[in-house]
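Engineer:
2 protein chains.
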Amino acid sequence: MPGPLTAPVRQSGVRAHNLALVLQTVAKSPNPISRASVAGTTGLTRATVSALVDDLVAGSLLTELAPPPRTGAGRPAVGLALAPYGPAGLGLEINVDYLAACVMDLTGAVRHRLVEHADQRPGGAAAALAGLGALAARARALAEHDELTVAGAALAVPGLVTADGLVRVAPNLGWQEVDAPALLRATPALADLPITVDNEANLAALSELRAEGGSPSFVFVSGEIGIGAGIVLDGTLYRGVRGWSGEIGHITVYPDGRACRCGARGCLEQYAGQEAIGDLAGAGAALGIALSGVVNLLDVDTIVLGGVYAPLLPALGPLIHAELAQRAITAGLAPTRLRAAALGADAAMRGAADLVVRSVQDDPAAYLSLSRASGL
Amino acid sequence: MPGPLTAPVRQSGVRAHNLALVLQTVAKSPNPISRASVAGTTGLTRATVSALVDDLVAGSLLTELAPPPRTGAGRPAVGLALAPYGPAGLGLEINVDYLAACVMDLTGAVRHRLVEHADQRPGGAAAALAGLGALAARARALAEHDELTVAGAALAVPGLVTADGLVRVAPNLGWQEVDAPALLRATPALADLPITVDNEANLAALSELRAEGGSPSFVFVSGEIGIGAGIVLDGTLYRGVRGWSGEIGHITVYPDGRACRCGARGCLEQYAGQEAIGDLAGAGAALGIALSGVVNLLDVDTIVLGGVYAPLLPALGPLIHAELAQRAITAGLAPTRLRAAALGADAAMRGAADLVVRSVQDDPAAYLSLSRASGL
Chain A
71 MPGPLTAPVR QSGVRAHNLA LVLQTVAKSP NPISRASVAG TTGLTRATVS ALVDDLVAGS
131 LLTELAPPPR TGAGRPAVGL ALAPYGPAGL GLEINVDYLA ACVMDLTGAV RHRLVEHADQ
191 RPGGAAAALA GLGALAARAR ALAEHDELTV AGAALAVPGL VTADGLVRVA PNLGWQEVDA
251 PALLRATPAL ADLPITVDNE ANLAALSELR AEGGSPSFVF VSGEIGIGAG IVLDGTLYRG
311 VRGWSGEIGH ITVYPDGRAC RCGARGCLEQ YAGQEAIGDL AGAGAALGIA LSGVVNLLDV
371 DTIVLGGVYA PLLPALGPLI HAELAQRAIT AGLAPTRLRA AALGADAAMR GAADLVVRSV
431 QDDPAAYLSL SRASGL
Chain B
71 MPGPLTAPVR QSGVRAHNLA LVLQTVAKSP NPISRASVAG TTGLTRATVS ALVDDLVAGS
131 LLTELAPPPR TGAGRPAVGL ALAPYGPAGL GLEINVDYLA ACVMDLTGAV RHRLVEHADQ
191 RPGGAAAALA GLGALAARAR ALAEHDELTV AGAALAVPGL VTADGLVRVA PNLGWQEVDA
251 PALLRATPAL ADLPITVDNE ANLAALSELR AEGGSPSFVF VSGEIGIGAG IVLDGTLYRG
311 VRGWSGEIGH ITVYPDGRAC RCGARGCLEQ YAGQEAIGDL AGAGAALGIA LSGVVNLLDV
371 DTIVLGGVYA PLLPALGPLI HAELAQRAIT AGLAPTRLRA AALGADAAMR GAADLVVRSV
431 QDDPAAYLSL SRASGL
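Heads up: the sequence lines are chains A and B, in that order.
Going by this note's numbering, the first residue of the first sequence is number 71, and it counts up by one from there.
Going by this note's numbering, the first residue of the second sequence is number 71, and it counts up by one from there.
(1) Report the neighbours of His-391 (chain B) on chain A: residues whose CB is nearer than 9 Å to its CB, in chain order.
(2) For a contact meaning CB atoms closer than 9 Å, what does Glu-317 (chain A) contact in chain B?
(3) Spatial neighbours of Leu-212 (chain A) within its chain, please: CB distance less than 7 Å, with the 5 preceding and 5 following residues excluded, ordered by chain position.
(4) Using C-beta distances below 8 Å, list every residue in its chain close to Tyr-155 (chain B), excluding the 5 sequence neighbours before and after it, in chain order.
(5) Just checking: is the beta-carbon of Ala-435 (chain A) within a distance shorter than 8 Å of some beta-carbon in chain B?
(6) Can you give me the C-alpha to C-alpha distance between Glu-294 (chain A) and Ala-401 (chain A), rounded to a whole angstrom?
(7) Once DSSP output is grouped into helix, strand and coil, what is the label at Asp-268 (chain A)?
(8) Measuring only the C-alpha atoms, how far is Ala-435 (chain A) from Gly-222 (chain A)?
(9) Tell me which residues share the same chain as Pro-102 (chain A) and place their Cβ nearer than 7 Å to its Cβ, disregarding the 5 neighbours each side in the sequence.
(10) Find out if the Cβ-Cβ distance for the pair Asn-360 (chain A), Val-323 (chain A) is shorter than 8 Å.
(11) Let me know the secondary structure DSSP gives Asn-165 (chain B) once reduced to three states.
(12) Out of A:Asn-242, A:Ala-274 and A:Pro-381, point me to the one whose CA is closest to Asp-189 (chain A)'s CA.
(13) Between the region 193-201 of chain B and the region 247-259 of chain B, do at least 3 Cβ pairs fall closer than 8 Å?
(14) Given Gly-327 (chain B), which residues of its chain have a CB within under 7 Å of its CB, disregarding the five upstream and five downstream residues?
(15) Does any residue of chain A have a CB that is nearer than 8 Å to the CB of Pro-297 (chain B)?
(16) Return the residues of the region 400-414 of chain B that lie within a Cβ-Cβ distance of less than 7 Å from chain A, sorted by chain order.
(17) State the CB to CB distance for the pair Leu-307 (chain B) and Tyr-308 (chain A), rounded to an integer number of angstroms; the pair is presumed to be in contact (CB under 8 Å).
(18) What do you get for Leu-162 (chain B), buried or exposed, if any count of 16 or more other CB atoms within 10 angstroms of its CB means buried?
(19) Just checking: is the beta-carbon of Cys-332 (chain B) within a distance shorter than 8 Å of some beta-carbon in chain A?
(20) I want to see whether chain A comes within less than 8 Å of Ser-292 (chain B), judged by CB atoms only; does it?
(21) Go ahead and label Val-84 (chain B) buried or exposed: buried means 16 or more other beta carbons lie within 10 angstroms of its beta carbon, across all protein chains shown.
(22) Alpha carbon to alpha carbon, how far is Leu-440 (chain A) from Met-71 (chain A)? Give it in angstroms, no decimals.
(23) Using a beta-carbon distance below 8 Å, is Gly-343 (chain A) in contact with chain B?
(24) I'd like to know if Tyr-379 (chain A) contacts chain B, where contact means its C-beta is closer than 8 Å to some C-beta of that chain.
(25) Just checking: is the beta-carbon of Leu-276 (chain B) within a distance shorter than 8 Å of some beta-carbon in chain A?
(26) Roughly how many angstroms lie between the CA atoms of Asp-167 (chain B) and Leu-184 (chain B), to the nearest whole one?
(27) Is it the case that the region 257-273 of chain B contacts the region 417-432 of chain B, given that we only count it when at least three CB pairs across the two stretches are under 8 Å?
(28) Relative to the alpha-carbon of Val-96 (chain B), which residue among B:Val-108, B:Thr-232 and B:Asn-272 has its alpha-carbon at the smallest distance?
(29) Beta-carbon separation of Gly-387 (chain B) and Ala-411 (chain B) under 8 Å?
(30) Kindly indicate which three-state DSSP category Tyr-437 (chain B) falls into: helix, strand or coil?
(31) Run through DSSP, which three-state label would Pro-157 (chain B) get?
(32) Kindly indicate which three-state DSSP category Ser-120 (chain B) falls into: helix, strand or coil?
(33) Is there at least one Cβ from chain B nearer than 8 Å to Ile-359 (chain A)'s Cβ?
(34) What is the C-beta distance between Gly-300 (chain B) and Asn-272 (chain B), in whole angstroms, given that I count them as a contact (C-beta under 8 Å)?
(35) Could you check if Leu-403 (chain A) is buried or exposed, using at least 16 other CB atoms within 10 Å of its CB as the buried criterion?
(36) Residues of the region 223-251 of chain A with a CB closer than 9 Å to any CB of chain B: list them in chain order, please.
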């Protein structure tokens with residue numbers, strides 16, 4: 071039998087597909103849904119649905135709710151819902167001045183949330199990730215105390231990350247070529263956990279995509295010490311050729327302007343980053359100039375402001391709109407909507423946890439094989 | 071029976087799907103391909119393939135080439151190829167200083183190409199589109215003389231176009247709210263033709279996508295009187311929420327710089343448009359600053375320079391690379407490739423014709439119904 075770290079033994083492709091179909095049908099339903107309704111929605115037979123539901127219930131992915139009191143004729147159906155006691159995602163975040171971890175169950179509810187405020191730069195990557203490892207271990211223990219099974223972890227980092235989780239550079243942390251999953255797994259309680267790493271603005275944008283009812287194309291801009299963006303086009307996160315899209319903090323606003331940490335001059339970050347935002351008028355104008363370029367290039371109709379920008383929207387909004395009105399060529403034809411991030415400072419960490427939860431929802435067969443193999 | 075301008079009567083969905091599958095299998099094959107090979111590739115039975123091929127041959131979409139001389143044992147197979155005498159696309163382009171039309175057959179070959187140089191601004195939209203209508207009528211007559219059937223026309227315009235072909239604004243032509251399809255159909259020879267309209271940089275980018283062997287994510291930048299861009303992400307043209315992406319000419323380069331026709335200050339167009347490009351150093355620096363922003367935002371690894379930029383690449387390239395090296399945050403990790411457009415000034419017109427040709431390849435059943443209904 072394979073151990074928990076090897077690739078899961080796949081069930082037949084058809085069964086895996088149908089398990090995901092049933093789980094996602096329940097997940098999408100706003101209310102508990104009967105086996106018969108799942109059969110009707112998916113086009114699978116009732117017998118097939120029942121067998122698949124039994125597996126999902128046994129694996130703690132679905133729960134069967136007691137029928138409501140009889141109010142009329144007919145037999146009340148038992149309702150299926152996502153289980154709040156089965157697999158969970160561990161969302162981690164590291165930033166210049168804090169560490170954070172959260173546990174999200176399969177229903178999307180955040181069950182635990184731990185934050186430690188401290189400057190993460192002095193000790194370097196190893197110390198910061200050891201600290202985060204300790205926080206993550208505490209979060210995992212809290213999850214297990216709730217009888218949740220942490221299926222994996224995802225880490226949000228303010229930097230350029232490769233597909234296999236190597237942080238190439240995180241300028242504001244002072245990191246270069248950091249193997250973040252390996253350093254996190256140095257914490258014994260995390261040694262067996264699948265860990266993915268992604269850019270914080272990308273993960274925050276994924277959170278906002280779940281929260282966003284309206285436009286499926288938007289740019290999420292996160293103001294921290296650095297400024298990052300997550301680009302969602304037609305409902306999908308656009309990561310870029312190498313996964314390094316959204317480096318909006320280094321868009322040139324004033325070509326002969328202030329020197330930036332990155333070596334260039336006049337980057338947006340020097341005018342609208344957390345350390346410059348005391349000059350609100352300057353920050354708003356610089357953001358407006360850069361965002362006008364984004365709108366001209368991408369024709370998105372919505373910009374979501376997160377991080378330190380969210381609470382400042384009443385002050386920044388008119389300044390940004392003034393630049394958009396002048397510089398976005400479509401301003402006279404169609405407005406650009408500015409809104410504050412729905413999830414505040416937790417967006418990236420929640421997006422990280424959500425990535426794990428969605429991976430279970432996308433492939434429950436893999437999770438079931440894994441949890442069987444490891445005796446969970 | 072519906073006339074040629076109404077929606078085609080669809081064959082059964084399955085037959086329509088399989089007709090497209092067979093046609094595209096032949097289109098993708100670098101050499102003539104036998105019916106048996108088509109069956110093998112598609113998974114359809116030989117009998118089904120033969121019936122579908124017969125329809126495609128009868129409709130002049132496919133042609134059967136004579137077998138090559140026998141060189142060994144076995145029965146030589148008849149080879150299927152796209153027919154060079156069946157449906158064709160009419161590609162049209164209007165720009166500030168020229169009109170152009172071309173005829174592309176189903177194999178992608180440009181069979182006729184007509185260009186008229188003249189300032190299109192003085193007479194306004196009606197005069198310009200009447201002139202283009204006359205050019206298009208000549209091109210259609212040449213196509214019919216070759217026994218080609220023009221299946222539709224597409225028009226490339228340097229402006230913001232809605233999904234139904236209305237030109238909202240084309241600043242350098244001085245157009246606002248121009249119903250281009252209606253004005254083109256005022257030419258009697260075009261009255262029966264389906265006409266679509268799209269932004270010229272989008273259509274040129276589609277041409278370059280067909281020509282581009284390497285990266286499926288690139289930004290095509292077209293330098294004319296105005297500057298437009300077509301954005302191709304993961305092999306697909308990204309049009310934007312309202313179809314207005316790629317307005318790179320109005321990205322701010324110098325916030326307090328020269329006044330632009332659009333009402334803003336410091337737009338790229340004022341430093342690197344055709345009328346400013348005499349100052350090559352200034353044009354290259356401005357392009358480099360704007361393109362650094364594009365790379366920071368989108369993480370594309372390739373930028374394709376078209377229009378007047380293509381022949382100037384030897385002079386502009388080093389200037390652009392100097393800015394990218396300083397301002398693109400990923401410059402030290404991964405280079406950005408600059409290349410000249412493969413198709414030169416014809417890219418937008420060819421992309422327009424290609425759009426029609428691809429629409430026939432994507433839905434041959436609709437074309438066959440149409441041509442039967444109109445007695446072609």
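Just so you know, even glycine gets a beta-carbon here, dropped at the ideal spot from N, CA and C.
Because the structure is a prediction, the values reported are computed rather than measured.
Structural biologist: Well, looking at it:
(1) Here the premise fails: no neighbours, minimum Cβ distance about 14 Å.
(2) Val-365, Asn-366, Leu-367, Asp-369, Ala-398, Ile-399 and Thr-400
(3) Val-173 and His-182
(4) Ser-130, Thr-133, Asp-175, Asp-216, Glu-217 and Leu-218
(5) no
(6) 28 Å
(7) strand
(8) 15 Å
(9) Leu-135, Gly-149, Leu-150 and Ala-151
(10) The question names Asn, but residue 360 (chain A) is Ala in the sequence shown. A contact, by the Cβ cut-off of 8 Å.
(11) strand
(12) A:Asn-242
(13) yes
(14) Arg-335, Gly-336 and Gln-340
(15) Strictly speaking, residue 297 (chain B) in this sequence is Ile, with Pro absent from that position. Chain A, which has no Cβ nearer than 8 Å to the Cβ of Ile-297 (chain B), makes this no.
(16) Thr-400, Leu-403 and Ala-404
(17) In fact, because the Cβ distance is near 14 Å, the residues do not count as touching under 8 Å.
(18) buried
(19) yes
(20) no
(21) exposed
(22) Interpretation of Met-71 (chain A) is limited by its pLDDT of 25, a score under 50 that renders its predicted location unreliable; the figure taken from the coordinates is listed afterwards. Distance between the alpha carbons of Met-71 (chain A) and Leu-440 (chain A) is about 10 Å.
(23) no
(24) no
(25) no
(26) 14 Å
(27) yes
(28) B:Val-108
(29) no
(30) helix
(31) strand
(32) helix
(33) yes
(34) 5 Å
(35) exposed
(36) Leu-230, Arg-238, Val-239 and Pro-241
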